[in-house]
Amino acid sequence: MATNERRRNSPLSDGPSTRPNVWHGVSNQGPSLAQRGRILRVSGQHALARVGDDDLRCELRGRLKAGRRASTSPVVAGDWVEVSQAGEGKMVIETVLPRTSRIARVASGPRPFDQILAANVDHFVVVVAARQPALSTGFIDRALVMAISGEIRPLICINKIDLDPYRSSQPVIELYRQLGYEVITSSVKTEEGIDDLERILRSGVCALVGPSGVGKSSLLNHVQPGLRLATQELMRQHDRGRHTTTAVQLHPLMGGGFVVDTPGLKQLQPSGIEAHELIECFPELLAADPQSCQFRNCTHVHEPGCQIRQAVDEGKIAASRYEGFVRIVETLQGERQESS
Ligand SMILES: Nc1nc2c(ncn2[C@@H]2O[C@H](COP(=O)(O)OP(=O)(O)OP(=O)(O)O)[C@@H](O)[C@H]2O)c(=O)[nH]1
Ligand SMILES: [Zn+2]
């Protein structure tokens, strides 16, 4: 059956033409060659993969199924995979291609383990508000660490800029721009910056993270009204009645791009990072030559003769950034003590 015919017969067929079908077959007749696809979501032993124009419900091959612990995260949203047909109307995921980036967290429990929530994410859009709620550099710093350690390109979006007519947020904007990060200011009210944000969202796979109430849903809704509702319908078919609303998923955007929803990532807390890795997420701290600290294993928190603390005292490193660093060090230390 041709793709267009399937579309017409689909319960979703009266939607925009870019909206895909959930289809449980293959898109071409003949020999079942492996096809490349992208995982939109995993639930239980099945995954929904976008292959060409179709969204296919696929089974995971035995060795790809998560064991008792999901520590290995064998297949996650965002993964590029090869799928093939295994019997009438049955698709299986054969291979997962190497990941270029990841959003990870440490799953709690008696023995915490690294859990990958999503893979191959191109942009980590850190959304904060200029006001209401108050601008938090601590959140930005934690989010940047997650992005950099996951090899995802970060972007800072200062939303609700309409509530800041005297630009009291300007020093924060300047700080991060000087550090080399891309910062956009936006407002759902005046539409400032919305075009820039839209361009980024449509350019690949983006994760939008931010504290509650900063305007993430409003921004997304502005870019594509009803985005989450459209995907919910797709997912309802995929889940076949089961409720797994907590699964990480990629929302396809009309005209290209995906937005990643990570419900398990409410309180953004870097974890599972070693101290020397953490400092690599703070370029200006690295530039202060921490190798030359008086103590070889200096944590840069309280030791004398610390190059980094000296650079803070000399005003070469912003106090807020150093405080952000120290807070993350303390969290990571607490985590290590809990697991030992
Ligand atoms: N003035 C102003 N208000 C905004 C802007 N963006 C969002 N808001 C308002 O801020 C409130 C919170 O917006 P949401 O989009 O729900 O925020 P969120 O980040 O999705 O919040 P959570 O769902 O709790 O994570 C709503 O009342 C929005 O109308 C903006 O650019 N300017
Ligand atoms: Zn030091």
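Residue numbering for the sequence shown follows this note's numbering, beginning at 39 and increasing consecutively. Note that CB positions come from ideal geometry on N, CA and C, so glycine has one too.
Problem set entry | Contact shell at 6 Å, judged by CB to any heavy atom of ligand 1, ordered along the chain | N197, K198, D200, L201, S225, V226, K227, G248, S250, G251, V252, G253, K254, S255, S256
Exercise. Can the beta-carbon of I366 be found closer than 8 Å to that of L323?
Worked result: no
Exercise. Under 7 Å from any heavy atom of ligand 2, does the C-beta of E341 make it?
Worked result: yes
Exercise. Within 7 Å: the Cβ of C195 and any heavy atom of ligand 2?
Worked result: no
For this session: Assess, as a yes-or-no matter, whether the stretch 183-193 is touched by the stretch 133-143 under the definition of 3 or more beta carbon pairs within less than 8 Å.
Result: yes
Exercise. Just checking, does the stretch 162-179 make contact with the stretch 207-217 on the three C-beta pairs under 8 Å criterion?
Worked result: yes
Exercise. Quick one: what's F162 bridged to in DSSP?
Worked result: P192, A245
For this session: Report buried or exposed for R359, applying the criterion of at least 16 other Cβ atoms within 10 angstroms of its Cβ.
Result: buried
Exercise. Looking at the structure shown, is L94 part of a helix, part of a strand, or coil, going by DSSP?
Worked result: strand
Exercise. What number of angstroms, rounded off, separates the C-alpha of P342 from the C-alpha of Q332?
Worked result: 7 Å
For this session: In the DSSP assignment, find the beta strand (DSSP E) that holds P290 and state where it starts and stops.
Result: 287-290
Problem set entry | Test item: CB-CB of L78 and A72 under 8 Å | no
For this session: Quick one: give me the first and last residue of the beta strand (DSSP E) that D299 is part of.
Result: 296-299
For this session: Leaving out five residues on either side along the sequence, give the residues of the same chain with a beta carbon under 6 Å from the beta carbon of G63.
Result: Because G63 sits at a pLDDT of 42, beneath the cut-off of 50, its placement in the model cannot be relied upon, and the following sentence gives the value as read from the coordinates. Answer for G63: G127, listed in chain order.
For this session: Please report the residue range of the beta strand (DSSP E) in which S225 lies.
Result: Run containing S225: none; DSSP gives neither H nor E here.
Exercise. So, is P290 buried or exposed, given that buried needs 16 or more other C-beta atoms within 10 angstroms?
Worked result: buried
Exercise. Just curious, the beta strand (DSSP E) that L78 is in, first and last residue?
Worked result: 73-81
Exercise. What is the rounded straight-line gap between the Cα of T369 and the Cα of E312?
Worked result: 12 Å
Exercise. Which residues share a DSSP beta bridge with E312?
Worked result: Answer is none; E312 lacks a bridge partner.
Problem set entry | V159 and V243 closer than 8 Å at C-beta | yes
Exercise. Is E368 helix, strand or coil by DSSP?
Worked result: helix
Exercise. Does the distance from the CB of S111 to the CB of Q153 come in under 8 Å?
Worked result: yes
Problem set entry | Separation of W118 from F363, as counted between CA atoms | 34 Å
Exercise. According to DSSP, which residues form a beta bridge with H84?
Worked result: S81, E97
Problem set entry | Neighbour-count burial assignment, S330, 16 or more Cβ in a 10 Å radius | exposed
For this session: Mark L135 as exposed unless 16 or more other C-beta atoms lie within 10 angstroms of its C-beta, in which case mark it buried.
Result: exposed
For this session: Please find out if some non-hydrogen atom of ligand 2 comes closer than 7 Å to the beta-carbon of C319.
Result: no
Problem set entry | Cutoff 6 Å; reference Q371; Cβ partners in own chain excluding five residues on either side | none
Exercise. Anyone know if the C-beta pair for S224 and I199 falls short of 8 Å?
Worked result: yes
For this session: Tell me R143's beta-bridge partners as DSSP assigns them.
Result: Q153
Exercise. Using the beta-carbon count (16 or more within 10 Å), is Q2 buried or exposed?
Worked result: There is no way to answer for residue 2, as the model of the chain reaches only from 39 to 378.
For this session: Check N197 in the structure and name its three-state DSSP category.
Result: strand
Exercise. Which of the three DSSP states, helix, strand or coil, is assigned to E132?
Worked result: strand
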